[in-house]
Amino acid sequence: MNDMNSTPVRKIVHVDMDAFYASVEQRDNPELRGKPIAVGGSAARGVVAAASYEARVFGVHSAMPSVTAKRKCPELIFVPPRFDVYKAVSQQIREIFAEYTSMIEPLSLDEAYLDVTQNLKGMEIATEIATEIRARIKQVTGLNASAGISYNKFLAKMASDLNKPNGQAVITPKNGPAFVAALPVKKFHGVGPATAEKMHRLGIDTGADLKAKTLEFLVEHFGKSGPYFHGIARGIDERQVKPNRVRKSVGAEDTFSRDVHAYEPAREGLRPLIEKVWGYCEANEIGAKTVTLKVKYADFTQITRSKTVVVPLPAITDLEDIIGVLLAPIFPPRKGIRLLGVTLSSLERRAPVAEPQLRLAL
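Add 14 to the 1-based position in the sequence shown for our numbering, that's all there is to it.
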């Protein structure tokens with residue numbers, strides 16, 4: 015048990031909306047309910063930004079080429095994204111979180127960490143808070159949310175995936191280390207495909223394998239991520255929930271299932287990445303002035319191209335335009351493109367401007 019001087023166990027809730035973009039579209043158009051839908055472009059070189067659970071049954075998922083998605087699910091219905099609507103719904107959800115705690119750290123428009131150790135309702139049990147929040151979200155927006163509850167951010171995030179959709183799970187301090195030990199490293203939050211591949215080459219397939227490696231070994235092979243991996247392998251994650259956090263940068267990248275050689279498929283492949291980083295900025299009311307495009311070729315060599323503007327980008331279309339400008343000169347590429355990434359930096363808090371004025375400014 016905790017002694018007098020120890021820190022009380024934190025209560026962290028990770029709330030994650032279920033198939034958010036697709037669920038909003040099904041909510042607003044009754045004809046789409048119960049049907050497999052993909053938010054994104056249906057063109058030959060389009061990419062799926064989000065898929066409904068009915069589509070996921072067929073193996074359709076975000077970042078998948080639309081052609082592949084259509085082949086897997088011939089009945090798939092494509093719906094163009096409506097970013098303004100998703101942002102408005104996200105704001106409604108954020109207001110519900112604020113009824114319970116001011117310690118809110120959004121990760122994107124559809125997920126956030128909440129620290130409810132001390133909460134505005136004086137509720138003792140975090141699982142009850144998560145249940146109430148999910149019920150309030152359903153009542154206000156008509157949408158389902160899942161939640162994970164634990165004593166740190168890493169385990170709360172992992173727990174929110176356990177009973178999706180429309181469910182929640184708790185990982186207690188007693189169960190945390192055993193849960194991590196059995197988990198494949200490719201399922202760890204913070205371990206992308208490239209890192210998982212590297213871990214497999216080093217004989218690390220599960221949390222137990224990761225725990226068996228020394229801190230020195232992990233720092234040698236994974237640099238500044240080494241201490242994080244060393245901690246989470248033991249169920250330890252000291253990261254705080256940081257409200258109003260302005261990171262130095264936010265990025266997303268994706269490795270293609272097949273090397274890309276033409277401009278249009280590359281441009282479409284970037285679309286979900288653009289939406290992901292923009293969604294983070296929107297959820298946190300942050301503006302970005304520097305855009306960086308990362309290109310990794312089939313031979314694993316890579317280049318970056320950046321552009322900085324004077325004032326933060328006002329709309330996602332501006333980000334798309336800059337990415338287009340950075341991408342175009344790379345074609346035709348000297349080799350096939352294996353991976354593309356988008357990073358936003360020079361981030362700053364947006365000045366509070368009334369929504370109508372914002373729209374006029376666009």
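No residue lacks a Cβ here, since even glycine has one placed at the ideal position from N, Cα and C.
Rounded Cβ spacing between Ala187 and Asn158 (contact assumed at less than 8 angstroms): As a first step, residue 187 is located in the sequence shown; it is residue number 173 there, counting from the start. As a first step, residue 158 is located in the sequence shown; it is residue number 144 there, counting from the start. Per the sequence presented here, residue 187 reads as Pro, with Ala not at that position. That pair is no contact at about 28 angstroms.
Three-state secondary structure (DSSP) of His214: Numbered from 1 along the sequence shown, position 200 holds the residue referred to as residue 214. His214 falls in the helix class under three-state DSSP.
Proximity of Gln106 and Ser66 at Cβ, strictly below 8 angstroms: Stepping through the sequence shown from its first residue, residue 106 is reached at position 92. Stepping through the sequence shown from its first residue, residue 66 is reached at position 52. No. Outside cutoff.
Anticipated Cβ contact below 8 angstroms, Glu109 with His28, distance rounded: In the sequence shown, the residue the question calls residue 109 occupies position 95. In the sequence shown, the residue the question calls residue 28 occupies position 14. The C-beta distance from Glu109 to His28 rounds to 18 angstroms, too long to fall under 8 angstroms, and the pair is not in contact.
Asn16 to Gly204 span [Cα, whole Å]: Counting from 1 along the sequence shown, the entry for residue 16 is found at position 2. Counting from 1 along the sequence shown, the entry for residue 204 is found at position 190. Since pLDDT at Asn16 reaches only 44, below the 50 mark, its modelled position is unreliable, and the value read off the structure follows with that caveat. If you take the alpha carbons of Asn16 and Gly204, they lie about 29 angstroms apart.
At least 3 beta-carbon pairs within less than 8 angstroms: the stretch 115-122 vs the stretch 147-165: Contact between the stretch 115-122 and the stretch 147-165 is absent: fewer than 3 CB-CB pairs across the two stretches fall below 8 angstroms.
Collapsed DSSP secondary structure at Ala36 in the structure displayed: Stepping through the sequence shown from its first residue, residue 36 is reached at position 22. Note: Ala36 maps to helix in three-state DSSP.
Closest residue to Asn298 among Glu230, Lys256 and Phe92 (Cα-Cα distance): As a position in the sequence shown, residue 298 is number 284, starting the count at 1. Asn298 has its Cα closest to that of Lys256, out of Glu230, Lys256 and Phe92.
Ala63 beta carbon near the ligand GTP (any heavy atom closer than 7 angstroms): Absent from the structure shown: the ligand GTP. Ligands present: none.
Enclosing alpha helix (DSSP H) for Gln182 [first to last residue]: Here residue 182 refers to the residue found at position 168 when the sequence shown is read from its first residue. Judged by DSSP secondary structure, Gln182 falls outside any alpha helix (DSSP H) and instead within the beta strand (DSSP E) spanning Gln182 to Ile185.
4-residue-minimum alpha helix (DSSP H) runs that sit fully inside the stretch 274-333, ordered along the chain: If you keep only unbroken alpha helix (DSSP H) runs of at least 4 residues inside the stretch 274-333, you get 277-298.
Beta-ladder partner(s) of Ile246, from DSSP: What you label residue 246 is simply residue 232 of the sequence shown in a count that begins at 1. Beta-bridge partners of Ile246 (DSSP): none assigned.
One or two residues paired with Phe10 in a DSSP bridge: Absent from the structure is residue 10, since the part of the chain shown begins at 15 and ends at 376.
Simplified DSSP state of Phe92, which is helix, strand or coil: Position 78 of the sequence shown, counted from the start, is the residue given in the question as residue 92. Reduced to three states, the DSSP call for Phe92 is strand.
Spatial distance of Asp377 from Gly221 (CA atoms): Outside the modelled stretch of the chain, which goes from 15 to 376, sits residue 377, for which no answer is possible.
Three-way DSSP call (helix, strand, coil) for Met31 in this model: Position 17 of the sequence shown, counted from the first residue, corresponds to residue 31. DSSP, reduced to helix, strand and coil, places Met31 within a strand of the structure shown.
Meets three-Cβ-pair contact criterion under 8 angstroms: the stretch 270-280 and the stretch 236-243: In short, these stretches do not touch, since the Cβ pair count stays below three.
Residues near Gly217 by beta carbon distance below 8 angstroms, same chain, minus five either side: Counted from its first residue, the sequence shown places residue 217 at position 203. If you ignore the 5 residues before and after Gly217, its C-beta comes within less than 8 angstroms of the C-beta of Asp223, all in its own chain and listed in chain order.
8 angstroms Cβ cutoff met for Gln311 and Pro347: Taking the first residue of the sequence shown as 1, we reach residue 311 at position 297. Taking the first residue of the sequence shown as 1, we reach residue 347 at position 333. The question names Gln, yet the displayed sequence has Tyr at residue 311. The answer is yes: Cβ separation under 8 angstroms.
Alpha-carbon to alpha-carbon, Ser359 and Tyr35: Against the sequence shown, residue 35 aligns to sequence position 21. Against the sequence shown, residue 359 aligns to sequence position 345. Rounded to the nearest angstrom, the two C-alpha atoms are 25 angstroms apart.
Collapsed DSSP secondary structure at Glu267 in the structure displayed: Taking the sequence shown and counting its residues from 1, the one referred to as residue 267 is at position 253. In the structure shown, Glu267 adopts extended strand secondary structure according to DSSP, grouped into three states.
Among Ala192, Asp335 and Ser56, nearest to Glu89 - alpha-carbon criterion: In the sequence shown, counting from the first residue as 1, residue 89 sits at position 75. The shortest Cα separation from Glu89 among Ala192, Asp335 and Ser56 belongs to Ser56.
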